[in-house]
């Protein structure tokens, strides 16, 4: 379960109001849970406990958690240095914990006292802000983080690393706290899994703090191995090619001939029974497109190497024989091609995946209106730039609030949205959201999107009631294929073809 800081505050308030748990008890529970986890780390790495622990505290509840840790570790005879990064003026529960810490006579320092920097620490705990920061950090904290990141020792953040927006994962400092592990309380926070925050969070471990588990109002989850095994489609032993679905790939142009080829190959990898490609025919002297032998290719005569609205009637009857239609890979963005896309969306009653150039048919206000009126199952697969185009918003605004915008878009348009990125967000129309963390930078290459779209289309016949699961499985498997490649090769050399080659093994390993 993954929550926003606002949702977490609601859980805490409900625990206080309904369950009668004192807020100070929640702070004690959090700090003790961290201390016990740290002690377990030391048990597994005996040399760790021979060096002191540095605990960085801010001013709020996260600092209170850190002070509980300091007091408990001192009680267990593990030396600690607690540094107050924003002064010693505390209120509420944090003030109570400060008084208790001072009464324990544990060593404390102010951030301006450089003495604490001259120690060889086994561990550094970040309890400066937690979920309490949502704007650029003060300059003195930014300078402090630079010095702290250079210190020796295991780096552990409490709840959220300092310098990471707890909800969006955006950077609040140029150099955030670089955690090896983040110990987050009750539920993981969204910012820990969104980019770029996830790359500063290290391993994310959720610690219980005594709040009753509730999924009310929460619909975000990780696309992990357990989920994939649960949703993985079961093949029908007596099925035939019609059983596993017919996928039509509608794309290609004189400039982008290979895109639908990659999509068609990927659709086969996803287990569909038949793949048809609908692409423009080129002049006889032009280099032919190398579709795999299994693909049934429909070459549509064209005057300029692009599909256009003039070919609608010819396409209509053939396309309607499919079970699933993927539209967009390599289409190009000529006006007459965009008209054709909008007409196909209006007239064809098939579940569809809309990718790449196909999305640009809906970048105008009229296009957005038509998209909202579509009643058939749709899966849209934009990257951030394409998503900004669909929304009619500046890219910077979309980057700052991608998760919320994706959730709202899927709900309002009654579609499955696959927002591609370092963390791929799959948002379903009824509010469920999945975070896919598999993959690496090798996927940032032309043709990757064509493979992903083809995989989704190929899986869709097996997920007629839950298209979001087709998208989740496709994103997960593609990421795993990229990771498999990188185990023996430089990830920068990854190509879409190399991804396709590794998909069968990845899918076999994911099968329950």
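Residue numbers (my numbering): 20 to 531.
Glycine is no exception: its CB is placed at the ideal position from the N, C-alpha and C atoms.
Here the structure is a predicted model, which means the values were calculated and not measured.
What is the rounded straight-line gap between the Cα of residue i and the Cα of residue j?
{"i": "residue 303", "j": "residue 320", "result": "No answer about residue 303 holds up, because its pLDDT of 48 lies below 50 and its placement is not dependable."}
{"i": "residue 476", "j": "residue 189", "result": "32 Å"}
{"i": "residue 516", "j": "residue 314", "result": "16 Å"}
{"i": "residue 351", "j": "residue 380", "result": "10 Å"}
{"i": "residue 354", "j": "residue 290", "result": "34 Å"}
{"i": "residue 360", "j": "residue 382", "result": "12 Å"}
{"i": "residue 133", "j": "residue 224", "result": "32 Å"}
{"i": "residue 252", "j": "residue 481", "result": "6 Å"}
{"i": "residue 50", "j": "residue 112", "result": "12 Å"}
{"i": "residue 431", "j": "residue 207", "result": "26 Å"}
{"i": "residue 58", "j": "residue 344", "result": "55 Å"}
{"i": "residue 412", "j": "residue 388", "result": "15 Å"}
{"i": "residue 520", "j": "residue 273", "result": "26 Å"}
{"i": "residue 375", "j": "residue 154", "result": "34 Å"}
{"i": "residue 40", "j": "residue 231", "result": "11 Å"}
{"i": "residue 497", "j": "residue 47", "result": "43 Å"}
{"i": "residue 76", "j": "residue 170", "result": "16 Å"}
{"i": "residue 259", "j": "residue 194", "result": "56 Å"}
{"i": "residue 529", "j": "residue 248", "result": "6 Å"}
{"i": "residue 422", "j": "residue 211", "result": "13 Å"}
{"i": "residue 392", "j": "residue 336", "result": "23 Å"}
{"i": "residue 500", "j": "residue 294", "result": "22 Å"}
Taking 9 Å as the threshold (C-beta atoms), are residue j and residue i in contact?
{"i": "residue 246", "j": "residue 491", "result": "yes"}
{"i": "residue 179", "j": "residue 216", "result": "yes"}
{"i": "residue 341", "j": "residue 267", "result": "yes"}
{"i": "residue 148", "j": "residue 128", "result": "no"}
{"i": "residue 449", "j": "residue 401", "result": "no"}
{"i": "residue 226", "j": "residue 53", "result": "yes"}
{"i": "residue 115", "j": "residue 43", "result": "yes"}
{"i": "residue 85", "j": "residue 101", "result": "yes"}
{"i": "residue 239", "j": "residue 464", "result": "no"}
{"i": "residue 191", "j": "residue 130", "result": "no"}
{"i": "residue 524", "j": "residue 503", "result": "yes"}
{"i": "residue 71", "j": "residue 182", "result": "no"}
{"i": "residue 414", "j": "residue 378", "result": "no"}
{"i": "residue 270", "j": "residue 346", "result": "yes"}
{"i": "residue 446", "j": "residue 425", "result": "yes"}
{"i": "residue 494", "j": "residue 471", "result": "yes"}
{"i": "residue 363", "j": "residue 334", "result": "yes"}
For residue i, report the span of its beta strand (DSSP E) as first-last.
{"i": "residue 129", "result": "127-129"}
{"i": "residue 373", "result": "371-374"}
{"i": "residue 245", "result": "First-last for residue 245: 244-250, but that is the alpha helix (DSSP H), not the beta strand (DSSP E)."}
{"i": "residue 443", "result": "443-446"}
{"i": "residue 400", "result": "397-400"}
{"i": "residue 482", "result": "Run containing residue 482: none; DSSP gives neither H nor E here."}
{"i": "residue 72", "result": "72-76"}
{"i": "residue 143", "result": "142-146"}
{"i": "residue 100", "result": "99-103"}
{"i": "residue 346", "result": "343-346"}
If you follow the alpha helix (DSSP H) that residue i is part of, which residue opens it and which one closes it?
{"i": "residue 153", "result": "Run containing residue 153: none; DSSP gives neither H nor E here."}
{"i": "residue 55", "result": "42-63"}
{"i": "residue 488", "result": "486-505"}
{"i": "residue 357", "result": "354-366"}
{"i": "residue 30", "result": "24-37"}
{"i": "residue 80", "result": "80-94"}
{"i": "residue 117", "result": "111-122"}
{"i": "residue 333", "result": "331-338"}
{"i": "residue 20", "result": "Counting along the chain, residue 20 falls outside any alpha helix (DSSP H), and DSSP gives it neither H nor E."}
{"i": "residue 515", "result": "515-529"}
{"i": "residue 200", "result": "No alpha helix (DSSP H) contains residue 200, which is instead part of the beta strand (DSSP E) from 200-204."}
{"i": "residue 388", "result": "384-392"}
{"i": "residue 218", "result": "217-220"}
{"i": "residue 280", "result": "277-288"}
{"i": "residue 404", "result": "403-410"}
{"i": "residue 414", "result": "414-419"}
Opposite residue i in the DSSP bridges: which residues?
{"i": "residue 432", "result": "Answer is none; residue 432 lacks a bridge partner."}
{"i": "residue 172", "result": "For residue 172, which the question treats as bridged, DSSP gives no partner whatsoever."}
{"i": "residue 179", "result": "Its beta-bridge partners do not exist; DSSP assigns none."}
{"i": "residue 230", "result": "DSSP output for residue 230 lists no bridge partner at all."}
{"i": "residue 296", "result": "268 and 316"}
Can you find a C-beta in chain C that's less than 9 Å from the C-beta of residue i?
{"i": "residue 377", "result": "In the displayed structure, chain C is absent; only one protein chain is listed."}
Open item on the list: With three or more beta-carbon pairs closer than 8 Å as the criterion, would you say the region 20-32 touches the region 61-69?
Closed with: no
Task: Inter-stretch contact (C-beta, 8 Å, three-pair minimum) for the region 501-520 and the region 454-463 - done: yes
Task: Touching by the beta-carbon criterion (3+ pairs, under 8 Å), the region 169-179 and the region 398-412 - done: no
- [ ] Taking 8 Å as the threshold, find out whether the region 391-401 comes into contact with the region 483-490 through three or more Cβ pairs.
- [x] yes
Task: Any 3 or more C-beta pairs closer than 8 Å across the region 322-330 and the region 294-303 - done: These segments touch.
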